[in-house]
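S.K.:
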Amino acid sequence: MNNLRIPWSDNVKDAGIFLVVFAHHEICVLVKGFIYAFHMSLFFFVSRYLFSAQKHVRFKKFVYKRLKTLIIPCLFFAAVAYCCWLFAVRPLFLKGRALLISPVDALLGVFHSNWGVGLGVPMATALWFCTCLFVTESLFWLLKKSCGQDSPKLVGELFIAGTLGYASSLWFFPLPLPWGINIAWTAVVFYGAGFLFKEKLSLSLQISGWKKTAATLIAFLAGLFYYFNGMSLMYPNSHHNPLLFYGAAFFSVGWSI
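Take 0 as the starting number for the sequence shown in numbering that gives the first Met the number 0 and just add one per residue.
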């Protein structure tokens, strides 16, 4: 079973990366909106499916490991992007966005991790996901620790987290908190869903006729939820109606699986 899990998860990651790149091109607004309704939710869902916190029983060791493997590389690439922007890109622009952002704000954005929303290097906007994933994983570790093996209690805590995530979208929009702390309250719902459905998904890799029919129905429902809710953005934490947002996201993730 573990051998089957790797190709499946790799395919989902590849599809997610393709959708992210595709959605950033000039395409039909409806298609772009549908992709934005779930592509980041899918990444958080798969991130929990691939990463096992059981290897790090102690929170301190868990955080140290993720700082080493996730945050340090993120800050390194952000620093490289900042230097390229400051010494190569910015001097070449006589007008435009490159001159609208001061070097100080861009440098602060490297540590604040708010690229593309008032702070940060325009060339490194995608790196917000790394710091937000770190906060999301740390938050889920604490939630899981408090619940133990009690899955219903974990579901309840994820529901509370999702409620706080929606509330934060009203309080802090359009500028997220450092490292996407407020976004993590929403992201942890999908991260936790990946944990709760991990075993069932491992047992459901074979595609049968009824699953194709179910996938078609799920895709239709996802499109319906998106149609009534409009485009959702995980960053900067804009979701409109929370029920329609989670409905569209979960139906779309289910369709992708």
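For each residue, glycine too, the CB sits at the ideal point set by N, CA and C.
It should be emphasised that the depicted structure is a prediction, and the values quoted were computed from it without experimental measurement.
Does residue 176 come out as helix, strand or coil in the three-state DSSP assignment?
M.R.: Residue 176 falls in the coil class under three-state DSSP.
S.K.: Less than 8 Å between the C-beta atoms of residue 157 and residue 188, yes or no?
M.R.: yes
S.K.: Helix, strand or coil for residue 4? Go by DSSP, reduced to three states.
M.R.: Confidence in residue 4 is poor, its pLDDT being 49 and thus under 50, which makes the residue's placement unreliable; the coordinate value appears in the next sentence. Helix, per DSSP.
S.K.: Whole angstroms is fine: what's the gap from residue 25's alpha carbon to residue 34's?
M.R.: Those two C-alpha atoms are separated by around 13 Å.
S.K.: Run the CB neighbour count on residue 178, radius 10 Å, all protein chains shown included, and call it buried at 16 or more, exposed below.
M.R.: buried
S.K.: With distances taken from CA atoms, which of 251, 165, 71 and 183 is nearest residue 237?
M.R.: 165
S.K.: Can you list, in chain order, the residues of its chain whose CB lies under 8 Å from that of residue 78, leaving out five sequence neighbours each side?
M.R.: 109
S.K.: Hey, is residue 105 close to the ligand MN, as in C-beta under 7 Å from one of its heavy atoms?
M.R.: The ligand MN is absent from the structure shown, which contains no ligand whatsoever.
S.K.: Just grab the DSSP bridge partners of residue 232 for me.
M.R.: Beta-bridge partners assigned by DSSP to residue 232: 237.
S.K.: Using C-beta distances below 6 Å, list every residue in its chain close to residue 135, excluding the 5 sequence neighbours before and after it, in chain order.
M.R.: So the qualifying residues of the chain are 183, 186, 187 and 190.
S.K.: Which one of 251, 140, 181 and 145 has the shortest CA to CA distance from residue 273?
M.R.: In this structure the chain extends from 0 to 256, so residue 273 is not present and cannot be described.
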